[in-house]
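Working notes, structure below.
Right, dumping it as structure tokens:
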């Protein structure tokens with residue numbers, strides 16, 4: 002667990018509805034067993050045809066689309082709308098995204114990004130003969146910190162949370178901080194080679210601790226239920 | 002910008018007040034110009050003697066220390082206290098930490114982690130003759146997502162925020178998401194090789210985009226001021 006590599010995968014090209022993402026990734030990347038393949042939400046949404054036509058010059062059209070996608074609006078300020086999506090994510094604009102999408106279209110979130118991750122993982126096993134974990138990433142803001150970071154909205158083959166309860170620190174004392182959102186740390190690491198403007202929609206993260214690989218889900222493990230939320 | 006390496010630095014040993022962190026890191030790591038050196042808050046606090054005696058078996062003592070360190074308590078639930086620190090951070094327990102600290106002591110946050118990062122950066126220039134960026138990291142929870150991730154509480158030689166305003170996406174459309182908290186993504190990436198239990202308090206992140214290197218500060222750039230905060 003001493004070295005992790007983050008490798009941007011180039012040559013994926015423009016993804017269109019119906020594309021086989023696992024096939025595209027297998028052709029563009031040299032994968033190994035134990036890799037974590039991070040795939041941006043944008044190309045998952047495109048492949049799954051979560052594109053809707055929108056007049057991007059019409060702010061009302063965008064607002065209506067955001068409200069249709071949200072199950073709840075938590076806050077508004079100017080153009081910013083903080084929403085809860087049907088998946089339970091709290092994010093800006095219900096995940097409706099206009100960047101890196103063809104003119105006249107917006108991309109919505111995948112219906113179930115954990116399922117999307119499982120499909121890509123299964124596809125990579127078939128296409129490339131590798132046993133990898135898959136994370137679907139998206140870009141979220143934070144309440145108390147400026148700027149955005151990439152986080153996981155779906156995962157497969159890796160636990161969303163690394164549970165260290167019962168383990169001890171280097172001095173033999175039981176750890177206070179016990180649940181680490183490793184899939185979010187991996188998604189953020191992947192963004193270091195993706196950039197927002199570079200058109201690199203996939204990264205391979207190689208060398209993460211093999212003990213983290215297990216059945217995992219963002220929805221069940223990582224999304225905080227309303228009854229745990231102190232700020233909703 | 003196609004490959005980033007994250008390398009855990011072993012052999013730092015137990016840090017005590019007065020230690021020269023730059024000297025310890027320079028001796029343990031093979032640094033290169035352009036590396037980002039991520040240093041956990043814990044060893045910064047130890048070197049800067051931000052240790053206070055506490056009877057860890059006495060929950061009242063811990064609670065009193067947290068309240069003394071906080072300038073404001075936002076929420077409480079059971080043992081969890083969400084606080085604002087004098088630095089402007091919103092985090093659990095005002096950053097008071099008992100893990101990886103000798104029995105009978107708690108570690109407080111550095112007085113000014115940006116300054117700590119600058120000192121380590123200057124020290125590494127002196128000791129190792131390298132021009133690197135430095136991030137001081139700590140482990141914070143999130144409002145709407147379970148689990149913790151490592152984020153930056155101080156930085157030097159790198160912008161906390163990468164501002165993409167005015168740049169266009171791969172299809173030529175102006176980017177919606179324009180400010181990326183790259184120091185948080187790097188801090189999270191570093192945690193992938195540190196672990197909470199492994200006693201690896203420093204990581205080197207090699208290969209990040211050279212255009213990110215500039216004068217930077219977490220406090221001024223990344224901590225969201227109260228008047229921007231929709232949820233305080």
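Residue numbers (our numbering), protein chains in the order written: chain A, 2 to 233; chain B, 2 to 233.
Note that beta-carbon positions come from the ideal geometry of N, C-alpha and C, so glycine has one too.
Item                                                                                                                                                                                           : Value
Leaving aside the five residues before and after residue 227 of chain A along the sequence, list all residues of the same chain whose C-beta is less than 7 Å from its C-beta, in chain order. : 233
Report the three-state DSSP secondary structure of residue 50 of chain A (helix, strand or coil).                                                                                              : coil
On the three-pair Cβ rule with 8 Å, is the stretch 143-160 of chain A touching the stretch 183-199 of chain A?                                                                                 : yes
In this structure, what does DSSP give as the bridge partners for residue 161 of chain A?                                                                                                      : Partner(s): none; residue 161 of chain A has no beta bridge.
Using a Cβ cut-off of 8 Å (strictly closer), state whether residue 109 of chain A contacts chain B.                                                                                            : no
Just to confirm before moving on: does the CB-CB distance between residue 129 of chain B and residue 32 of chain B stay below 8 Å?                                                             : yes
If you measure from the beta carbon of residue 1 of chain A to each beta carbon in chain B, is any gap under 8 Å?                                                                              : Since the first residue of chain A shown is 2 and the last is 233, residue 1 of chain A is not available in this structure.
Check the Cβ of residue 68 of chain A against every Cβ in chain B and list those closer than 7 Å, keeping chain order.                                                                         : Here the premise fails: no neighbours, minimum Cβ distance about 17 Å.
Closest by CA to residue 122 of chain B, which one among B:110, B:99, B:105, B:159?                                                                                                            : B:159
Using a Cβ cut-off of 7 Å, which residues of the stretch 49-68 of chain B contact any Cβ in chain A, in chain order?                                                                           : none
Please classify residue 58 of chain A as buried or exposed, where buried requires at least 16 other C-beta atoms within 10 Å of its C-beta.                                                    : exposed
Does the CB of residue 134 of chain A have a neighbour CB from chain B at under 8 Å?                                                                                                           : no
Please list, in chain order, the residues of the stretch 218-231 of chain B that have any C-beta partner in chain A closer than 8 Å.                                                           : 222, 223, 224, 225, 229, 230, 231
Closer than 8 Å, CB to CB, is residue 91 of chain A near chain B or not?                                                                                                                       : yes
Taking C-beta to C-beta, are residue 41 of chain B and residue 138 of chain B nearer than 8 Å?                                                                                                 : yes
Which full runs of the alpha helix (DSSP H) of 4+ residues lie inside the stretch 66-154 of chain B, going along the chain?                                                                    : 114-129
Given residue 87 of chain A, which residues of its chain have a CB within under 6 Å of its CB, disregarding the five upstream and five downstream residues?                                    : 72
Show which residues of chain A have a CB atom less than 9 Å away from the CB atom of residue 185 of chain B.                                                                                   : 143, 146, 148, 150, 189
My guess is that residue 194 of chain A and residue 3 of chain B are in contact by the Cβ rule of under 8 Å, so how many angstroms apart are they, rounded?                                    : 6 Å
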